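**Q** Residue numbers (UniProt numbering): 1 to 326.
Backbone N, C-alpha and C define an ideal beta-carbon position, used for all residues, glycine too.
Source: prediction; values computed, not measured.
First the structure, then my questions, so here it is.
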């Protein structure tokens, strides 16, 4: 319910889950007895109305309490006259609505977009490769990464020299980073934004680095080549289905695999957080895992398991001297 866009199927699933939760909560804590009604807060019952309000007003993230409070705070900061503060506040709100309406109708009235930072490469569709990058091309080290690149190019191709890139700007404004550069920083300086979600059956992985591979273009001429912009990713397993179903899709617990995959950068949807934990799974196994957390407001992952019921750092130098590629 915290997404800016919600599909009809998501609304139907959400309504079923929220109503089931409300019913079970009330049966557990006050057994639907009127003399125990004071034990249940109104917000418990309010959850069952979220779906109907979403259908009428739109996603709750657009009008929830924290959104309104932030708006009031911003408007309060714009008041310059100490007299008649409430009248000034209302006028600031009217002015903001007019500006937003004009910008929606005529986007060209807004601030012009900023240019790309030095060393960046625009890949189209809102994807931009950002520094740092290797100063000189070199061969990938022998191992899982080299094998994955070879499989991606085809076994008839000689393994090429490549340049690594450290970061990728996504269309949603997030900056995906890579283990290549992040592991060189202290824990206090690490942003931990190298785990990503990519398309297909939604999977999660840790980005080792980004690179550009020369492949044959889809033309009639054999001499035409193009760059395939890819991410070298160390995969996480699929979430434990039993735990995912029992938690109503709230706990996606995965293990970190040794499998390396080559993924087109335009299949990367968003950054996710993989938080370490050690659960006892419904199967009875206790092991080190990672559970996935997404930023509120972004589209929530559809993990394919049915429900149980029914540019600011590294600006000192764009290119860096080569280091061993893992």
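(1) Select from 175, 70, 60 the residue whose C-alpha is nearest the C-alpha of residue 191.
(2) Report the start-end ranges of each beta strand (DSSP E) in the region 162 to 234 that is 3 residues or longer and not cut off at the edges.
(3) Does the distance from the C-beta atom of residue 169 to that of residue 233 stay below 7 Å?
(4) How would you write the range of the alpha helix (DSSP H) that residue 51 sits in, first residue to last?
(5) For residue 106, count neighbouring C-beta atoms within 10 Å of its own C-beta (all shown protein chains included) and say buried if the count is 16 or more, exposed if not.
(6) Within 10 angstroms of the Cβ of residue 181, are there 16 or more other Cβ atoms? Answer buried if so, exposed if not.
(7) For residue 163 versus residue 137, is the C-beta distance shorter than 7 Å?
(8) Determine, using beta carbons only, whether residue 35 comes closer than 7 Å to chain D.
(9) Whole angstroms is fine: what's the gap from residue 253's alpha carbon to residue 28's?
(10) With 16 as the cutoff for other CB atoms within 10 Å, does residue 304 come out buried or exposed?
(11) Which value, in whole angstroms, describes the spacing of the CA atoms of residue 51 and residue 14?
(12) Rounded to whole angstroms, what is the Cα-Cα separation between residue 71 and residue 215?
(13) Can you tell me the Cα-Cα spacing of residue 63 and residue 3, whole angstroms?
**A** Taking the coordinates as given:
(1) As a first step, residue 191 must be located in the chain shown, where it is residue number 191. When each option's Cα is compared against that of residue 191, the closest is 175.
(2) 164 to 169, 195 to 198, 203 to 216
(3) The sequence position of residue 169 within the chain shown is 169, counting from 1. The sequence position of residue 233 within the chain shown is 233, counting from 1. No, the Cβ-Cβ distance between residue 169 and residue 233 is not below 7 Å.
(4) Looking up residue 51 in the chain shown gives position 51. Residues 50 to 57.
(5) Within the chain shown, numbered from 1, the residue matching residue 106 stands at position 106. Answer is exposed; the Cβ neighbour count stays below 16.
(6) Here residue 181 refers to the residue found at position 181 when the chain shown is read from its first residue. By the 10 Å Cβ count, residue 181 comes out buried.
(7) The residue given as residue 163 occupies position 163 in the chain shown. The residue given as residue 137 occupies position 137 in the chain shown. Yes, they are a contact pair.
(8) No chain D is part of this structure, which consists of one protein chain only.
(9) Stepping through the chain shown from its first residue, residue 253 is reached at position 253. Stepping through the chain shown from its first residue, residue 28 is reached at position 28. Using only the alpha carbons, I get a separation of about 27 Å.
(10) In the chain shown, residue 304 corresponds to position 304, counting from 1. Low local confidence applies: a pLDDT of 47 at residue 304 is under 50, so the model's placement there is unreliable, and no value is given.
(11) By one-based count along the chain shown, residue 51 stands at place 51. By one-based count along the chain shown, residue 14 stands at place 14. If you take the alpha carbons of residue 51 and residue 14, they lie about 7 Å apart.
(12) Here residue 71 corresponds to residue number 71 of the chain shown, with the count starting at 1. Here residue 215 corresponds to residue number 215 of the chain shown, with the count starting at 1. For residue 71 and residue 215, the distance between alpha carbons rounds to 49 Å.
(13) Along the chain shown, read from residue 1 onward, the residue named residue 63 stands at position 63. Along the chain shown, read from residue 1 onward, the residue named residue 3 stands at position 3. About 12 Å.
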